[in-house]
Amino acid sequence: MEGMKAEIKEMLQGIERYNPDKVSTLEHYVNLQARERGYDLEANLALLKLYQFMPDMYKLDVVAQILLLSLTNLPHTDIVLCKAMLTQDILHDDKIKTILYLSELLEMCQFKTFWEEINKHQALTGCVVGFEDAIRKFVCHVISITYQTIEDKVLRELLGLVDENAIRKWTDLYGWNIDGSFVYLASQEEIIKTRNITEKVDLESVASIMASCY
Amino acid sequence: MYSDEEYAEDEYSYGHHDQYSNQYDREHMVPDKVKKVMSYMQDMIADRNINELNTLYETSIPELTEQYYKTCEWPEFEEIANYVRADPVFHNLYKELYYRHLYARVPGSLHLEQRLESYWNYCELFNYIISAESPVMLELPNQWLWEIIDEFIYQFQSFSQYRAKMAKKSEAEIDTLKRNTKTWSVHSILSVLHHLVDKSNINKQLEVYNNQGNSEEIQDVAGEFGRHSLYKMLGYFSLVGLLRLHSLLGDYYQAIKVLENIELNKNSQHSKVPGCQITISYYVGFAYMMMRRYADAIRTFSNSLLYIQKTKQNFQTKSYQNDQINKQTDQMYMLLAICLVLHPQRIDESLQTTLREKQFADKMNKMQRGDIKEFESCFMSACPKFVSPVAPPFDSPEAHLEPAKLQLQVFMEEVEQQQMLPTIRSYLKLYTTMPLEKLAGFVDIKDEEFRNYLLAFKHKMQNVVWTKGTSGLEGEFQSGSEVDFYIDKNMIHIADTKVARRYGDFFIRQIHKFAELNRNLRDE
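Residue numbers (my numbering), protein chains in the order written: chain A, 1 to 214; chain B, 215 to 738.
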């Protein structure tokens with residue numbers, strides 16, 4: 001994938017990116033990203049743009065893959081960028097609607113529902129290797145900015161995991177400490193403190209005024 | 215047989231005589247002033263006299279328009295042809311002005327053939343500049359060059375919307391459209407803009423400039439064409455043209471990417487054309503908003519609106535550029551209002567005041583209370599006129615509304631996902647610590663659901679914010695909320711940021727204002 005990355009970057013310079021001949025290369029690259037846990041937003045957007053210019057050429061499966069790949073980059077808003085370049089026809093397709101529904105669950109942080117739903121759509125999401133782990137990374141990110149200490153059963157629910165060992169993998173990855181039935185993340189007290197911003201008037205601002213008083 | 219005289223009469227028969235007399239009348243109808251100005255303009259272009267051209271372009275021509283052509287077309291080129299030398303470039307430039315005026319002042323009478331002719335005129339002009347083997351000896355004021363590019367994109371936008379309105383097309387029009395599919399195609403626009411960018415090496419020039427390179431180094435990378443002001447400025451304005459084009463097509467990422475060598479956050483003006491700067495701010499801010507980078511959008515709009523407030527008197531005279539600037543200013547205020555609802559944050563006092571004066575406070579209140587219709591109407595009045603890059607099938611009557619509908623939908627989905635935030639924020643502001651179950655009870659939601667809302671609050675309030683570097687796409691995740699919290703087991707700990715009122719600053723400003731008023735009165 002690394003080799004192709006450089007080649008694609010070169011190809012996207014200047015006006016060549018609008019050349020219809022590039023479509024199959026970009027489609028192949030999307031496939032590669034899905035298989036090898038890679039991700040290249042710019043290349044995927046370039047392909048969506050070519051589809052936009054030549055609606056006869058678009059392949060629904062590739063669009064589905066691009067949307068799923070953009071979800072692996074949460075919390076970035078890549079899926080919004082992709083949506084803005086589609087059409088009503090594509091958006092009404094069932095597969096795409098499912099993916100957009102899943103993305104909405106994620107954006108609203110309804111993680112428990114998400115894991116329930118995703119079990120029903122393994123075939124769809126299975127086309128991107130490591131999709132579920134990428135989502136778990138996002139869930140851990142949101143948890144780490146919200147919680148200082150979290151109940152371990154809540155953590156399990158949010159991560160969609162049942163197995164103790166599976167949880168351990170994630171707590172180890174982020175350096176979280178398991179303390180009985182709670183998991184301690186990190187101290188938030190320093191980051192989240194009430195602040196009082198008071199006004200400071202410095203001498204320069206009033207100097208001219210004071211000078212003109214006599 | 216016919217006598218000489220009679221034969222002579224026949225030569226100048228009815229039809230013939232009329233043609234000559236019409237020509238004579240039409241030339242006679244063109245005021246002398248106009249003929250003189252046109253001839254003078256041609257001379258100044260040949261002499262490359264930028265100062266005179268500036269005056270002609272910014273003063274003389276608008277004055278003539280106001281006086282003679284306020285609500286009708288300028289003379290056709292043929293009507294002034296006898297008063298200027300034969301010169302294809304002047305012909306192109308004149309026609310560009312002619313069509314621009316047509317679009318601006320008499321759009322109702324615009325028909326398909328004129329749209330096509332204007333396109334071919336642009337092709338000739340750009341071809342002349344781009345395909346030249348060595349740099350063409352043409353120099354025009356920056357304002358003029360900017361408006362050529364801006365108008366070029368505007369006419370593309372106008373044509374795309376015209377083409378998509380299938381309902382009222384006549385057979386003849388549809389036929390002409392079918393025979394001219396390449397005219398005003400998105401590919402040809404992209405081709406022109408990219409060629410101008412490449413020819414001038416503008417990106418390399420900007421890179422060297424950003425790395426504190428001196429003018430020699432810049433000349434080096436500029437290359438044979440880029441050294442000339444015409445090519446350099448057309449290259450620069452084409453970057454802005456690409457920003458606008460990509461925004462119209464919904465590609466916000468690429469829109470900001472093309473400006474990656476222009477430092478958007480410094481007030482360095484490469485072009486000194488206010489219309490260009492304001493256009494940049496409008497489209498960049500809009501793209502940021504669609505990407506949920508609200509802090510960046512607010513900063514972009516604020517900087518631009520403050521600049522416009524300070525230079526307001528420059529935009530009072532009537533002209534197309536000022537009309538456009540004033541319109542974009544209002545749109546930016548609207549977008550700023552929307553962003554402030556979604557991402558409350560402090561802004562400059564003077565902007566707060568203006569928002570109140572311009573009646574935005576009412577709209578903002580409605581949006582804060584979750585009024586979906588208000589969001590929709592504000593968005594639609596402030597957003598760009600989106601277009602589709604392809605011609606719709608000839609039998610779909612609503613096709614011209616599709617692009618805007620899509621962008622509205624994308625935006626409203628974001629708004630709906632964030633609907634709970636104002637409520638949560640207002641409850642958080644009331645306490646410093648509170649058990650999760652209790653707060654959930656106050657808001658009347660189940661614990662688990664409330665917990666999801668808290669997570670979502672954190673997620674949505676942490677967005678990418680630009681911190682450094684030239685590319686507007688760069689940035690880090692930062693929490694934008696003044697009210698923040700964390701959860702410890704089941705207890706929510708809330709932190710608020712209280713900002714004291716800046717009385718000192720207010721008094722200092724008023725004192726300075728009053729002193730200046732005093733001085734002005736004394737001087738009179």
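Cβ coordinates follow ideal geometry from the N, Cα and C atoms, glycine included.
- Taking a beta-carbon distance threshold of 8 Å, A:Leu60 does not count as an interface residue toward chain B.
- Ranked by Cα distance from B:Asp364, the first of B:Met546, B:Met594, B:Met626, B:Ile492 is B:Ile492.
- Selection B:Ala605, B:Gln676, B:Asp661, B:Ala654 evaluated against A:Met54 yields B:Ala605 as nearest (Cα-Cα).
- Under DSSP, B:Ile432 shares a beta bridge with no residue.
- Annotation: Cβ neighbours of A:Lys49 in chain B (cutoff 7 Å, chain order): Asp465.
- In the three-state reduction of the DSSP assignment, B:Pro649 falls in the strand class.
- Counting other Cβ atoms within 10 Å of its Cβ, A:Asp179 stays below 16 and is therefore classed as exposed.
- Taking the Cα positions, A:Leu67 is about 50 Å away from B:Thr285.
- If you keep only unbroken alpha helix (DSSP H) runs of at least 4 residues inside the stretch 367-422 of chain B, you get 385-393, 400-414.
- In the DSSP assignment, the residues bridged to B:Phe699 are B:Ile708.
- Counting only runs of at least 3 residues, the stretch 653-696 of chain B fully encloses the following beta strand (DSSP E) elements, listed from N- to C-terminal order: 676-679, 690-693.
- About 16 Å separates the CB atoms of B:Leu453 and B:Ile432; that is not less than 8 Å, and the two are not in contact.
- Scanning its chain for C-beta atoms nearer than 8 Å, with the 5 sequence neighbours on each side dropped, one finds around A:Leu81 the residues Leu41, Leu45, Ser70, in chain order.
- Within chain A, the residues Thr87, Gln88 have their CB atoms less than 8 Å from the CB of B:Glu616, given in chain order.
- Put simply, the CB of B:Tyr336 is far from chain A, with every gap to its CB atoms at 8 Å or more.
- The count of Cβ pairs closer than 8 Å, one atom from the stretch 370-384 of chain B and one from the stretch 273-292 of chain B, stays below three, leaving the stretches out of contact.
- Bounds of the alpha helix (DSSP H) holding A:Val30 are 23-36.
- At a cut-off of 8 Å between beta-carbon atoms, B:Tyr317 makes no contact with chain A.
- When 9 Å is used as the limit between beta carbons, B:Thr711 is near these residues of chain A: Thr194, Arg195, Asn196, Ile197, in chain order.
- Per the Cβ contact rule, the stretch 406-422 of chain B is in contact with the stretch 450-467 of chain B (3 or more Cβ pairs under 8 Å).
- For the set B:Phe500, B:Thr531, B:Met578, B:Pro636, the Cα lying nearest the Cα of B:Gln545 is the one of B:Phe500.
- If you look at A:Gln148, you'll find it in the beta strand (DSSP E) that goes 147-151.
- When C-beta distances to chain A are compared with 9 Å, the residues of the stretch 487-510 of chain B below that value are Met504, Met505, Arg506, Arg507, in chain order.
- Counting the other CB atoms within 10 Å of its CB gives B:Gln724 a total below 16, which places it among the exposed residues.
- For B:Val555, the closest alpha carbon among the candidates B:Ile512, B:Gln538, B:Arg733, B:Thr395 is that of B:Ile512.
- Counting only the Cα atoms, A:Glu107 lies some 40 Å from B:Lys524.
- A:Asp179: member of the beta strand (DSSP E) spanning 177-179, first to last residue.
- Note on geometry: alpha-carbon atoms of B:Phe373 and B:Lys392 lie some 14 Å from one another.
- Taking a cut-off of 8 Å for Cβ pairs, the stretch 666-685 of chain B and the stretch 139-149 of chain A touch, as three or more such pairs fall below it.
- What A:Cys109 touches in chain B, judged by beta-carbon distance under 7 Å, is Asn666, Leu669, Ala670, His673, going in chain order.
- The Cβ of A:Leu161 sits no closer than 8 Å to any Cβ of chain B.
- For B:Tyr700, a Cβ of chain A is located within less than 8 Å of the residue's own Cβ.
- Neighbours of A:Ile145 in chain B, taken as residues whose beta carbon is under 7 Å from its own, are Lys672, Gln676 in chain order.
- In the three-state scheme derived from DSSP, where H, G and I count as helix and E and B as strand, A:Tyr184 is classed as strand.
- Within the same chain, Cβ atoms closer than 7 Å to the Cβ of B:Met505 are found at Tyr466, the five residues on either side in sequence being excluded.
- Comparing C-alpha distances from A:Met57 to each of A:Glu2, A:Trp170, A:Lys22, A:Gln13 shows the shortest one belongs to A:Lys22.
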